[in-house]
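Each remark here refers to the structure printed beneath this line.
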Amino acid sequence: MGDIRFEGVSKSFGEVAAVNGLNLAIAEGEVYALLGHNGAGKTTTLRLLLGLLEPDGGAVTVFGCDPIKDGSTVRGMCGVLSEDVGLYESLTVLDNLIYYADIYGMCRAESERRIDELLRTFAMQDKKHFLVKGLSTGMSKKTALIRAMLHSPRILILDEPTNGLDPVSTADLRTMLLRLAKEQGTTIIMTTHNLEEVQKMCDQITILRHGRNLFTGSIAALQDSGHYMEHGQFSLEKLYMELEQGAGRQ
Ligand SMILES: Nc1ncnc2c1ncn2[C@@H]1O[C@H](COP(=O)(O)OP(=O)(O)OP(=O)(O)O)[C@@H](O)[C@H]1O
Ligand SMILES: [Mg+2]
Numbered sequence: 002m003g004d005i006r007f008e009g010v011s012k013s014f015g016e017v018a019a020v021n022g023l024n025l026a027i028a029e030g031e032v033y034a035l036l037g038h039n040g041a042g043k044t045t046t047l048r049l050l051l052g053l054l055e056p057d058g059g060a061v062t063v064f065g066c067d068p069i070k071d072g073s074t075v076r077g078m079c080g081v082l083s084e085d086v087g088l089y090e091s092l093t094v095l096d097n098l099i100y101y102a103d104i105y106g107m108c109r110a111e112s113e114r115r116i117d118e119l120l121r122t123f124a125m126q127d128k129k130h131f132l133v134k135g136l137s138t139g140m141s142k143k144t145a146l147i148r149a150m151l152h153s154p155r156i157l158i159l160d161e162p163t164n165g166l167d168p169v170s171t172a173d174l175r176t177m178l179l180r181l182a183k184e185q186g187t188t189i190i191m192t193t194h195n196l197e198e199v200q201k202m203c204d205q206i207t208i209l210r211h212g213r214n215l216f217t218g219s220i221a222a223l224q225d226s227g228h229y230m231e232h233g234q235f236s237l238e239k240l241y242m243e244l245e246q247g248a249g250r251q
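All residue numbers for the sequence shown refer to this note's numbering, where the first residue is 2 and numbers rise by one.
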């Protein structure tokens, strides 16, 4: 069961249908982006995948597991960067990371090795003993990204990973995520508003609108299609704008 599936999944909050009959199929090792306006249902979709919310209808399957019935198995497979980075402000970077490595059940020698490796990769070694409350937005985001990757999870769930990162850090993160997907078969599911990044690194996209699929397709197929061209190249922004304007008129 090498995939992640949403079949006709719905989730409402009172009158608001946050996710509304959503279908998704994400293959293992894919880099998959969920796109859409503020309030389109992206974060709710990720919370359903993690079993943090129970669907009102439909089925979610994560590598053969039901995120509600097998919640700890599913969450154990995942490294998560949530919208609010969720770090302990009054602890240092290192103490935050050690705390989570312990929760992940990593032995101390292994967690220290891995923390040093990831701090180096994210150019954060000199912030190791800083309190999280003294970090800039981008540095907090990097700390939370390191936490998500500590235990080399099978699935990385990243809610707006590049928001707040500078261009160099964004490019470094892209290189690292692509390497994880290609070399280790890590499945990466992200939400973002950065369409340029998506075009550079994602295999598949789904654009959500009012909790429904407005569009699902592969970046490679879009690039080959000859449609939505700008300056002789495929432009995801153009596709996005045209679809959103079309949907807005419905
Ligand atoms: N816990 C909640 N209680 C009530 N309403 C909620 C809750 N979570 C989400 N919603 C509503 O569901 C809809 C989808 O929200 P969601 O957070 O999934 O959007 P999003 O696509 O992640 O948006 P953004 O790009 O702003 O992060 C919104 O209308 C939101 O107000
Ligand atoms: Mg969101």
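Glycine included, C-beta positions come from ideal geometry on N, C-alpha and C.
Residue i CB to nearest heavy atom of ligand 2 below 8 Å
| i | result |
| --- | --- |
| Glu84 | yes |
| Thr192 | yes |
| Thr187 | no |
| Thr44 | yes |
| Glu198 | no |
Chain-order list of residues whose beta-carbon lies under 6 Å from that of residue i (same chain, five-residue window excluded)
| i | result |
| --- | --- |
| Glu243 | none |
| Met2 | For Met2, the predicted model reports a pLDDT of 45, less than 50, meaning its position is unreliable; a value from the coordinates is still stated below. The answer, listed in chain order, is Phe64, Gly65. |
| Tyr89 | Asn97 |
Neighbourhood of residue i by C-beta, 8 Å cutoff - its chain only, sequence neighbours within 5 removed
| i | result |
| --- | --- |
| Leu151 | Gly80, Leu98, Tyr101, Ala102, Tyr105, Met107, Ser112, Arg115, Ile116, Leu119 |
| Tyr229 | Leu223, Phe235, Ser236, Leu237, Lys239, Leu240, Glu243 |
| Gly9 | Gly22, Leu23, Asn24, Gly58, Gly59, Ala60 |
Check whether residue i and residue j have beta carbons under 9 Å apart
| i | j | result |
| --- | --- | --- |
| Asp173 | Phe123 | yes |
| Arg155 | Met78 | yes |
| Leu1 | Leu196 | Outside the shown range of the chain (2 to 251) lies residue 1, about which nothing can therefore be said. |
| Asp57 | Ala28 | no |
| Asn21 | His211 | yes |
| Leu92 | Asp160 | no |
| Ala60 | Arg6 | yes |
| Leu50 | Ile189 | no |
| Leu25 | Thr217 | yes |
| Lys201 | Arg180 | no |
| Gln224 | Phe235 | yes |
DSSP beta-bridge partners of residue i
| i | result |
| --- | --- |
| Arg6 | Ala26, Thr62 |
| Phe235 | Met230 |
| Thr217 | Thr207 |
Residue i Cβ short of 8 Å to ligand 1 heavy atom set
| i | result |
| --- | --- |
| Gly15 | yes |
| Glu245 | no |
| Thr176 | no |
Neighbourhood of residue i by C-beta, 7 Å cutoff - its chain only, sequence neighbours within 5 removed
| i | result |
| --- | --- |
| Glu135 | A small correction: the amino acid at residue 135 is Gly; Glu does not occupy that position in the sequence shown. Around Gly135: no qualifying Cβ. |
| Gly233 | none |
Checklist entry - What are the start and end residues of each continuous alpha helix (DSSP H) run of 4 or more residues lying completely inside the segment 132 to 212, in chain order? => result Within the segment 132 to 212, the complete alpha helix (DSSP H) segments at least 4 residues long are 138 to 150, 168 to 185, 196 to 202, listed from N- to C-terminus.
Item to check | Complete alpha helix (DSSP H) runs within the segment 37 to 97 (minimum length 4 residues, chain order) | outcome: Restricting attention to alpha helix (DSSP H) runs no shorter than 4 residues, the segment 37 to 97 encloses them at 43 to 50, 72 to 78, ordered along the chain.
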